[in-house]
Ligand SMILES: *Cc1c(COP(=O)(O)O)cnc(C)c1O
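Residue numbers (my numbering): 131 to 528.
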């Protein structure tokens with residue numbers, strides 16, 4: 131045991147020395163434009179609560195009503211006796227909203243991706259995926275044991291060359307994030323779907339950051355590109371714009387049934403507490419019928435983009451509420467985040483292995499809940515922090 135502990139201690143010291151040690155910060159009270167961390171109020175520019183629904187009293191009320199009616203636990207796996215009325219209603223609402231034949235809910239996005247990919251694909255299959263796909267997709271692909279090829283980020287020429295060079299595989303699939311979670315850019319789904327049709331591939335998308343954010347109806351990236359009926363496997367999460375917890379896949383009734391039999395992260399796990407499913411259902415209803423939240427989100431996004439541009443800071447992308455401000459080194463990214471924290475702003479530094487080596491960044495997210503003056507405060511704090519650190523942001527990590 132002593133030697134193991136010595137190994138662990140050495141590992142943690144090495145992370146510390148490289149500016150890679152991670153810690154948890156405890157948030158008091160609900161999520162929102164402001165959160166309390168360490169007894170101090172901070173403007174929150176780090177959450178994925180894009181529409182400001184995580185702290186919405188209507189979700190809490192739906193959960194509370196369900197708690198009184200349904201109790202807390204689901205008691206068993208969905209396939210045993212843990213599939214409750216709340217799960218069924220959530221899946222019906224999701225399928226209706228997404229215009230899909232069927233929907234299946236998983237406990238988390240991570241579990242959905244691992245479960246879907248390992249259920250549908252095996253050693254005789256081929257999976258082509260983007261180099262910056264989310265870790266849960268990568269883990270699902272590895273677990274499936276399919277033969278895989280990883281294409282350079284959003285590089286459709288490279289993808290087409292790979293598809294042309296390898297025409298084998300019982301099943302063939304292209305798997306991509308829609309909005310890349312640490313970069314905020316959008317996969318060219320229209321071209322991906324064209325290539326998939328030309329080269330006989332299924333398409334699976336992870337729309338975690340697209341749902342509620344993209345598309346006039348908030349139905350996500352496939353709506354944005356007008357390809358909803360050309361993407362066979364549409365996965366997304368309930369933990370971001372919906373303001374809740376859990377994940378779903380939308381597709382055909384047949385897809386749902388296969389996954390119900392074979393997705394091990396669904397079969398061998400307890401159903402979500404019904405109150406979570408009820409709150410998510412209300413989150414989706416609000417997302418669908420309050421488009422003004424999406425309008426406010428994009429107004430805030432444009433306002434922040436213009437403010438940064440005026441300051442001479444050019445984020446790698448401004449198309450979505452995710453603004454990656456690339457710093458490069460891990461230590462400068464952490465100092466920048468610390469300076470912002472001193473000014474009452476929560477903007478967390480994202481370091482490897484979450485992002486590639488040498489591309490540490492501040493990942494700033496705006497939400498519908500932010501006010502103009504919040505964004506002004508962020509811009510002023512960024513300006514001061516950048517000047518104090520010799521313009522590391524204005525150089526964009528170079
Ligand atoms: C957050 C996220 C997930 C994981 O979803 P959870 O519900 O938090 O487990 C999966 N894929 C992407 C792209 C994500 O951003």
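A virtual CB, placed ideally from N, CA and C, is assigned to each residue, including glycine.
| query | What are the uninterrupted segments assigned as alpha helix (DSSP H) that are 4 or more residues long and contained completely in the segment 321 to 396, given in chain order? | reply | 351 to 355, 383 to 392
| request: Determine the DSSP secondary structure at residue 240, reduced to helix, strand or coil. | output: helix
| request: Please confirm whether residue 470 and residue 515 have their CB atoms less than 8 Å apart. | output: yes
| Of all the options 438, 147, 155, which has the alpha carbon lying nearest to the alpha carbon of residue 168? | 155
| request: Could you tell me if the beta carbon of residue 362 falls within a distance shorter than 7 Å of some heavy atom in ligand 3? | output: Ligand 3 is absent from the structure shown, which contains only ligand 1.
| field | Residue from 306, 380, 237, 385 with nearest C-alpha to residue 227 | value | Residue 227 has its Cα closest to that of 380, out of 306, 380, 237, 385.
| query | Which residue from 285, 331, 292 puts its Cα closest to that of residue 315? | reply | 285
| said: Quick check on DSSP: helix, strand or coil for residue 227? | reply: helix
| said: Quick check: the Cα distance between residue 235 and residue 518, rounded to an integer number of angstroms? | reply: 47 Å
| task | Could you check the C-alpha separation between residue 433 and residue 520 for me, to the nearest Å? | result | 25 Å
| What residue range is occupied by the uninterrupted alpha helix (DSSP H) comprising residue 468? | Looking at the DSSP string, the run of the alpha helix (DSSP H) that includes residue 468 is 460 to 472.
| Minimum C-alpha distance to residue 344 - residue among 327, 456, 431 | 431
| Among 362, 467, 142, nearest to residue 475 - alpha-carbon criterion | Looking at the Cα atoms, 467 is the closest of the given residues.
| task | Provide the residue span of the alpha helix (DSSP H) that contains residue 316, from first to last. | result | Where residue 316 is concerned, there is no enclosing alpha helix (DSSP H), given that its DSSP letter is neither H nor E.
| request: Measure the CB-CB distance between residue 302 and residue 263 and report whether it falls below 8 Å. | output: no
| said: Please classify residue 210 as buried or exposed, where buried requires at least 16 other C-beta atoms within 10 Å of its C-beta. | reply: So residue 210 counts as exposed.
| task | Return the bridge partner residues of residue 309 from the DSSP annotation. | result | 316
| task | Report the rounded CA-to-CA distance for residue 442 versus residue 141, giving the unit in angstroms. | result | 39 Å
| said: Suppose the cutoff is 7 Å on Cβ atoms and the five residues either side in sequence are ignored; what does the same chain contact list for residue 261 look like? | reply: 280, 281, 282, 283
| query | So residue 495 is in the beta strand (DSSP E); what residue range does that whole segment cover? | reply | 490 to 495
| In angstroms, rounded to a whole number, what distance separates the CA positions of residue 162 and residue 300? | 47 Å
| message | Using 8 Å for Cβ pairs, my map puts residue 338 next to residue 366. What's the rounded Cβ distance? | response | 6 Å
| request: Could you say which of 449, 424, 422 lies nearest to residue 435 if we only look at CA atoms? | output: Cα-wise, what sits closest to residue 435 is 449.
| said: Only counting the same chain, and skipping five residues up and downstream in sequence, which positions put a Cβ closer than 6 Å to that of residue 505? | reply: 433, 434
| message | To the nearest angstrom, how far is the alpha carbon of residue 495 from that of residue 342? | response | 14 Å
| request: Go through its chain and collect everything with a Cβ distance to residue 414's Cβ below 7 Å, but skip five positions before and after it. | output: 223, 224, 227, 372
| request: With a 10 Å radius around its C-beta and 16 neighbouring C-beta atoms as the bar for buried, classify residue 202 as buried or exposed. | output: exposed
| In whole angstroms, what separates the C-alpha of residue 266 from that of residue 493? | 19 Å
| request: For residue 419, count neighbouring Cβ atoms within 10 angstroms of its own Cβ and tell me buried if that reaches 16, exposed if not. | output: Under this definition residue 419 is an exposed residue.
| If you count every other CB in all the chains shown that lies within 10 Å of the CB of residue 134, and 16 or more means buried, which is it? | Residue burial annotation: residue 134 is exposed, with fewer than 16 other C-beta atoms found within 10 angstroms of its C-beta.
| Among residues of its own chain, excluding the 5 on either side of residue 481, which ones have a beta-carbon nearer than 6 Å to its beta-carbon? | Cβ within range, chain order: 150, 460, 490.
| Relative to the alpha-carbon of residue 377, which residue among 354, 391, 407 has its alpha-carbon at the smallest distance? | Cα-wise, what sits closest to residue 377 is 407.
| said: Restricting to runs no shorter than 4 residues, where is the alpha helix (DSSP H) found entirely within the segment 132 to 172? | reply: 132 to 147
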